[in-house]
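A short write-up of the structure that comes next.
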Amino acid sequence: MKFARIVSGIAVEVISWDPSGRYPSEWTWVECPENTVQGAAYDGNTFTNPPEPVAGEPETESRSEVSPVEFKMLFTSAERIAINNKRKDTSTENETIKAVLDDWYSIVDDPRLSAVNLQLQSTIDGVNFLVTIGILTAERAAQVLAGEIQ
């Protein structure tokens, strides 16, 4: 046996025990069918449950953390190859770029790292550095920082 507390024709609460003497006397409790749910309309005789929610399109959510492997997969194969080529280039004119990329990737490759925070300023700076050196466009950088795996 279930009971519904009725306020303005709506079951605002549904319980499975007798409410007699347990709640303020001004509350209106009515015995209801077992399948009655909170939000059901009550017309004085019949309970009508609200309609089931319709499943909509899943929202695309921006990811704030990814695993180190997922982080690398945010880049296309061509982008990963370009990054690796810059890291291998030992020419004098590439010295600073190599140092920055090696430092950044030493963190990503650290086995103690469990997640890359895409909202962390150092991650944003690293991705923007790839724009500065021509590996990424600003649009691609935004996709990477939104966690869109390619």
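The numbering of the sequence shown is the UniProt record's numbering, which starts it at 1 and goes up by one.
Positions of the beta carbon are idealized from the N, C-alpha and C atoms, including for glycine.
Just so you know, these numbers come straight off a predicted model, no measurement behind them.
What do you reckon, are the CB atoms on residue i and residue j nearer than 8 Å?
{"i": "L101", "j": "Q150", "result": "no"}
{"i": "I124", "j": "I97", "result": "no"}
{"i": "P24", "j": "F3", "result": "no"}
Please classify residue i as buried or exposed, where buried requires at least 16 neighbouring CB atoms within 10 angstroms.
{"i": "L130", "result": "buried"}
{"i": "W27", "result": "exposed"}
{"i": "L113", "result": "exposed"}
{"i": "W17", "result": "exposed"}
{"i": "I81", "result": "exposed"}
{"i": "V37", "result": "exposed"}
{"i": "A11", "result": "buried"}
Return the CA-CA distance between residue i and residue j, expressed in angstroms with no decimal places.
{"i": "K72", "j": "A138", "result": "17 Å"}
{"i": "W29", "j": "A40", "result": "13 Å"}
{"i": "V127", "j": "Y42", "result": "58 Å"}
{"i": "G147", "j": "S122", "result": "16 Å"}
{"i": "residue 151", "j": "R87", "result": "Nothing in the structure corresponds to residue 151, since the chain is present only between 1 and 150."}
{"i": "V83", "j": "A141", "result": "It should be pointed out that residue 83 corresponds to Ile in this sequence rather than to Val. If you take the alpha carbons of I83 and A141, they lie about 14 Å apart."}
{"i": "I15", "j": "M1", "result": "9 Å"}
{"i": "D109", "j": "D103", "result": "10 Å"}
{"i": "P111", "j": "T76", "result": "23 Å"}
{"i": "L93", "j": "S106", "result": "Reading off the sequence, residue 93 comes out as Glu, not Leu. Each residue's alpha carbon lies about 21 Å from the other."}
{"i": "P51", "j": "V7", "result": "19 Å"}
If residue i and residue j are in contact, beta carbons under 8 Å, what's the gap, nearest whole angstrom?
{"i": "L136", "j": "E79", "result": "6 Å"}
{"i": "E13", "j": "R22", "result": "Wrong, their Cβ atoms sit about 12 Å apart, outside the cutoff."}
Pairs of beta-carbons, one from the stretch 64 to 82 and one from the stretch 110 to 120, closer than 8 Å: are there three or more? yes
Hey, is the stretch 29 to 36 in contact with the stretch 45 to 52, meaning 3+ C-beta pairs nearer than 8 Å? yes
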